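Residue 3 is where the sequence shown starts when you use the working numbering, and the numbers rise one by one after that.
For reference, the structure is listed below as structure tokens.
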Amino acid sequence: MEPDKRRMERAYDAQAPGYDDAVGRGIRALMRQLLGDLDVGEAPVALDVACGTGISTFALIEKTGGKGEFHGVDISEGMLEVARRSAEARGIKNVRFAKGDAENLDYPDATFDIVISNMSLQFFPDKQRALSEMHRVLKPGGRLAILFGAGPMFQEVWEVLEVVAAGRPEHPGFTASVEEIKAMHINLDDTEALMEGAGFERLHVYARHRLTYSEPEFIIHDIPYAGCWKITLPEDVLPEVVDEITERLTEKGTGKGFRATWYVILAYGTKP
Ligand SMILES: C[S@@+](CC[C@H](N)C(=O)[O-])C[C@H]1O[C@@H](n2cnc3c(N)ncnc32)[C@H](O)[C@@H]1O
């Protein structure tokens with residue numbers, strides 16, 4: 003596994019225990035948007051790629067009325083442990099959560115009627131390969147629905163992180179992690195090209211773009227996405243870096259909070 007994927011795995015292992023409380027409500031709202039345009043059919047065999055703690059998988063299960071066979075795959079064992087506990091607590095028996103990499107799905111060709119992925123494609127270094135894998139494991143006629151952070155998502159936050167990381171050259175992992183976050187976002191044209199490159203047809207690709215106003219503390223502490231760099235710093239250095247970022251975000255704040263761009267792409271396609 004390449005080093006950047008290991009960093010991602012460690013970042014989400016660290017965030018797993020607080021993930022549902024921090025972003026559960028927001029993730030469920032995104033899933034309502036994603037599933038709104040997806041025909042789930044009758045009792046599908048379905049896969050959730052980068053399922054995390056299973057919030058997205060459970061939303062899909064609910065939409066099918068609980069009928070079908072469900073699989074979730076994620077690179078972080080910490081996130082998967084939470085998912086398995088939640089499934090048990092909900093009494094859901096027709097779901098399996100397994101560790102794996104979106105770019106090398108451990109399922110035979112033509113296994114699934116539906117593949118979904120929520121808020122995760124942005125993290126995959128080789129997006130073409132991940133989409134080709136999703137295409138490979140779908141049955142002919144199978145449907146893909148993905149939602150992910152894209153384009154100018156949180157660009158104002160990355161700009162601040164970049165300045166702070168540049169002031170800490172003694173921690174090259176911090177700079178590398180911030181550069182990685184900045185570089186991972188694609189746009190609508192890229193998405194269409196990647197979906198076509200993977201072999202999907204009947205594409206439906208669109209973006210939702212809005213401005214958000216948040217407290218800096220919320221961005222730094224509660225948005226896992228904006229805190230992936232944290233595991234790159236030693237524990238005795240992290241608090242002062244968090245303070246510096248909070249101060250800089252506060253300086254740029256308006257009376258309504260720190261203004262950040264929210265931009266997600268929703269993309270649907272069918273395997274011919
Ligand atoms: C923001 S969370 C989204 C989780 C879930 N889909 C949801 O909607 O709550 C992103 C997830 O992507 C996973 N991830 C990142 N890179 C991955 C990869 N290459 N393969 C599989 N999972 C990956 C992380 O471990 C994390 O659980």
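Each residue gets a CB set at the ideal place from its N, CA and C atoms; glycine is no exception.
Model, not experiment: these values are computed from the prediction.
(message) Can you list, in chain order, the residues of its chain with a C-beta nearer than 8 Å to that of aspartate 39? Leave out the 5 residues immediately preceding and following it.
(response) Non-local beta-carbon contacts of aspartate 39 in its own chain, meaning distances under 8 Å to residues more than five positions away in sequence, involve Ala147, His206, Leu268 and Tyr270 in chain order.
(message) Can you tell me whether arginine 2 is helix, strand or coil according to DSSP?
(response) Because the chain is modelled from 3 through 274, residue 2 falls outside the range shown and cannot be assessed.
(request) Following the continuous beta strand (DSSP E) through valine 1, name the residue where it begins and the one where it ends. (result) Only positions 3 to 274 of the chain appear in the structure, and residue 1 is not among them; the question remains open.
(request) Could you tell me whether the Cβ atoms of lysine 141 and alanine 112 are closer together than 7 Å? (result) Judged by their CB atoms, lysine 141 and alanine 112 are nearer to each other than the 7 Å cut-off.
(request) Select from Val97, Ala178 and Pro274 the residue whose C-alpha is nearest the C-alpha of proline 46. (result) With distances taken between Cα atoms, proline 46 lies closest to Val97.
(message) For asparagine 189, count the other beta carbons within 10 Å of its own beta carbon; 16 or more makes it buried, fewer makes it exposed. Which is it?
(response) With fewer than 16 Cβ atoms within 10 Å of its Cβ, asparagine 189 is classed as exposed.
(request) Please report the Cβ distance between aspartate 262 and glutamate 105, rounded to the nearest whole angstrom; I am assuming they are in contact, meaning their Cβ atoms lie under 8 Å. (result) It is alanine, not aspartate, that sits at residue 262 in the sequence shown. About 29 Å; that fails the 8 Å criterion.
(message) Quick check: what's the CA-CA separation for alanine 152 versus proline 236?
(response) Straight through space, the alpha carbons of proline 236 and alanine 152 are spaced by roughly 29 Å.
(message) I need the straight-line Cα distance from arginine 30 to alanine 61, nearest angstrom please.
(response) When rounded, the distance between both Cα atoms is 7 Å.
(message) Please list the terminal residues of the continuous beta strand (DSSP E) segment that includes glycine 56.
(response) Under the DSSP assignment, glycine 56 falls outside any beta strand (DSSP E); it carries neither an H nor an E label.
(request) Just grab the DSSP bridge partners of leucine 268 for me. (result) Per DSSP, the beta-bridge partners of leucine 268 are Leu149 and Tyr208.
(request) Return the chain-ordered list of same chain residues with a C-beta closer than 7 Å to the C-beta of arginine 131, the five sequence neighbours on each side being excluded. (result) Taken in chain order, the residues that qualify are Glu105.
(message) Is the separation between the beta-carbon of glutamate 71 and that of leucine 107 shorter than 7 Å?
(response) Not a contact, by the Cβ cut-off of 7 Å.
(request) Would you check if there are 3 or more beta carbon pairs closer than 8 Å linking the region 12-25 to the region 72-87? (result) Segments in contact, yes.
(request) Could you give the DSSP three-state label for leucine 213: helix, strand or coil? (result) Three-state result, leucine 213: strand.
(request) Tell me, please, which residues DSSP counts as bridged to leucine 140. (result) According to DSSP, which records beta bridges pairwise, leucine 140 is partnered with Phe114.
(request) From the DSSP output, read off the bridge partner residues of phenylalanine 72. (result) Looking at the DSSP assignment, phenylalanine 72 forms a beta bridge with Ala48 and Val97.
(message) Among the candidates Val266, Val243 and Glu217, whose CA atom is the shortest distance from the CA of threonine 256?
(response) If we check each option's Cα against that of threonine 256, Glu217 comes out closest.
(request) Give the secondary structure of glutamate 11 by DSSP, where H, G and I count as helix, E and B as strand, and everything else as coil. (result) Three-state result, glutamate 11: helix.
(request) Please confirm if the region 193-204 is in contact with the region 242-258, defined as three or more CB-CB distances below 8 Å between the two stretches. (result) With the rule of 3 Cβ pairs closer than 8 Å, the region 193-204 does not count as touching the region 242-258.
(message) Please report the straight-line C-alpha distance between isoleucine 57 and arginine 34, rounded to a whole angstrom.
(response) Per the coordinates, the alpha-carbon of isoleucine 57 lies some 11 Å from the alpha-carbon of arginine 34.
(request) Pick out whichever of Glu64, Ile221 and Leu36 has its Cα sitting closest to the Cα of methionine 121. (result) The shortest CA-to-CA distance from methionine 121 to any of Glu64, Ile221 and Leu36 is the one to Leu36.
(request) Look at the alpha carbon of glycine 20 and the alpha carbon of lysine 101, and state the distance between them as a whole number of angstroms. (result) So the two alpha carbons sit approximately 20 Å from each other.
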